[in-house]
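Residue numbers (our numbering): 1 to 145. Positions of the beta carbon are idealized from the N, C-alpha and C atoms, including for glycine. One structure is given below, encoded as structure tokens.
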Amino acid sequence: MAKSSDLLVVRDFVQNDQGSAKALTHARILLKTDVAKGQPAWTDETISDAFDISKATVERVRQIYVRQGLEAALKRRTRSHERTRRLDGKQEAHLIALTCGEPPTGHERWTLRLLADRMVKLEYVDELSHETVRRTLKKMNSSRG
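Shown next, in the form of structure tokens:
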């Protein structure tokens with residue numbers, strides 16, 4: 001670790017059990033990667049074995065600490081963007097009505113792609129992916145038959 005003040009903060013954080021399990025694990029990773037008082041730092045592999053985590057996690061925590069600082073290494077990231085709804089209530093109602101109706105000729109039942117294509121064809125939406133249809137029907141506890 002670069003700063004001794006950070007080392008003190010991390011030790012206090014771990015000793016007082018002040019955070020979530022994830023934050024405490026990250027703090028322990030930082031403590032074990034520190035080369036202080038002539039003691040050798042633990043290798044990434046040794047740390048991953050000791051804490052039962054992946055080697056990639058150890059590397060990522062160290063990189064975050066170096067690039068963004070101590071707080072970023074210990075705290076959860078905030079979401080950079082909120083997910084916008086693809087379908088409003090009226091469009092969802094049309095989708096449910098389609099799902100409950102008869103499937104197109106030549107098909108035994110509705111597929112997610114058929115539903116998405118029909119929603120676009122009927123001009124309820126400009127574009128719609130089968131994944132959005134799946135998530136919407138799952139949210140509604142709906143079955144296609």
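{"Query": "Out of curiosity, what's the CA-to-CA distance linking V125 and H81?", "Result": "23 Å"}
{"Query": "In chain order, what residues of the same chain have a beta carbon less than 7 Å from the beta carbon of A73, not counting five sequence neighbours either side?", "Result": "H26, L30, V61, I64, Y65"}
{"Query": "Out of V133, R85, F51, A97, point me to the one whose CA is closest to K22's CA.", "Result": "F51"}
{"Query": "Shortest alpha-carbon distance to R118 belongs to which of G106, T99, T33?", "Result": "T99"}
{"Query": "Over what stretch of residues does the alpha helix (DSSP H) that includes Q68 continue unbroken?", "Result": "55-68"}
{"Query": "With respect to the alpha helix (DSSP H) encompassing H107, which residues constitute its N-terminal and C-terminal limits?", "Result": "Taken as a continuous stretch (DSSP letters only), H107 belongs to no alpha helix (DSSP H), as it is neither H nor E."}
{"Query": "Would you mind reading off the limits of the alpha helix (DSSP H) that contains E92?", "Result": "89-100"}
{"Query": "Please state whether DSSP places D49 in a helix, a strand or coil.", "Result": "helix"}
{"Query": "Quick check: what's the CA-CA separation for S48 versus T57?", "Result": "8 Å"}
{"Query": "What do you get for D44, buried or exposed, if any count of 16 or more other CB atoms within 10 angstroms of its CB means buried?", "Result": "buried"}
{"Query": "Distance, Cα to Cα, G19 vs L70?", "Result": "14 Å"}
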